[in-house]
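What follows is a set of notes on a single structure, which appears directly below.
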Amino acid sequence: MTNHEFELSLFNTNERVIHELEDILWSTYDDFKEHTLKPDSLSPKGRRLVERCILFLHSDLEFNWPSYPSWWKALLGWITLKPNKYQRQLDAYRNYGDENFWPFRSNEELKIESARPRIGLSLKYQSK
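Each residue of the sequence shown is one higher than the last, beginning at 72 in my numbering.
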């Protein structure tokens with residue numbers, strides 16, 4: 072799958088979790104030119120993020136994180152003269168859970184889900 076195919080596939084759903092994943096995963100690949108997405112081209116940190124996302128999508132957990140406070144939301148806040156709104160979003164995001172385990176809320180939640188047996192999912196997540 073190419074990066075462009077990946078991005079286009081995300082528009083076929085209204086599920087909030089998918090669009091939040093898109094905001095987060097966008098930082099793991101180059102979107103200036105079309106290229107094949109290859110797992111071995113990810114940094115170790117990027118690979119762990121993608122692994123957590125796959126594991127989360129195979130879980131029965133509800134996605135309850137506040138919206139990801141991306142840089143463009145900060146810029147929009149300044150353009151519309153509402154920078155405090157962005158700061159409130161950032162605070163809510165940071166206070167919800169441990170960002171190091173996103174989209175899971177905590178390391179404990181991640182450990183529980185990674186220990187559950189799943190048919191068709193051979194992912195062995197190692198938190199670092």
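Cβ atoms here follow ideal geometry from the backbone N, Cα and C, with glycine treated the same way.
Under the DSSP assignment, H90 falls in the alpha helix (DSSP H) whose first and last residues are 87-96.
Taking a C-beta distance under 7 Å as the contact criterion, R176 and G168 qualify as a contact pair. Assignment of beta-bridge partners to T107 by DSSP yields T73. Per DSSP, the unbroken alpha helix (DSSP H) holding P115 starts and ends at 115-128. Per DSSP, L132 is not a residue of any alpha helix (DSSP H), being assigned neither H nor E. Around E91, the same chain offers F134, W136, S138, Y139, P174 as residues with beta carbons nearer than 8 Å, after the five sequence neighbours per side are excluded.
By the neighbour-count criterion, in which a residue is buried when 16 or more other Cβ atoms sit within 10 angstroms of its Cβ, L79 is exposed. Considering only V121, E105, A186, the residue with the shortest C-alpha distance to D111 is V121. Note that the C-beta distance between L128 and E184 is not below 7 Å.
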